[in-house]
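Below you'll find the structure, written out as structure tokens, and then a few comments.
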Amino acid sequence: MRVLGNILWIILGGLAIAIGWALVGLILCISIIGIPLGIQAFKMAKLALWPFGAEIVNL
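Quick note on the working numbering: the sequence shown kicks off at -14 and runs consecutively.
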């Protein structure tokens, strides 16, 4: 069921959101101060691409 949900999510807009997060990550990685935020943006892109079945852990 997770695979079906992820495929539907990608088709219905998840790909556009993931590309947006990846572009933000690239822009943030231009400066040395933005690199930690850029890395987190890439993690958000991965989560936006495959949201179903992902587990978010609070530290």
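All residues carry an ideal CB built from backbone N, CA and C; glycine is no exception.
Note that this is a predicted model, so its numbers are computed, not measured.
- Excluding the 5 residues flanking it on each side, Leu32 has same chain C-beta neighbours closer than 7 Å at Ala39, in chain order.
- The beta carbons of Ala1 and Leu34 sit about 10 Å from each other, so the pair does not count as a contact at 8 Å.
- Taking C-beta separations shorter than 7 Å and ignoring five residues to either side along the sequence, the partners of Cys14 in its chain run Ile20, Gly23, following chain order.
- Taking 8 Å as the cut-off, the beta carbon of Phe27 is found no closer than this to the beta carbon of Asn(-9).
- Looking at the backbone, the Cα of Ala7 and that of Asn43 are separated by about 23 Å.
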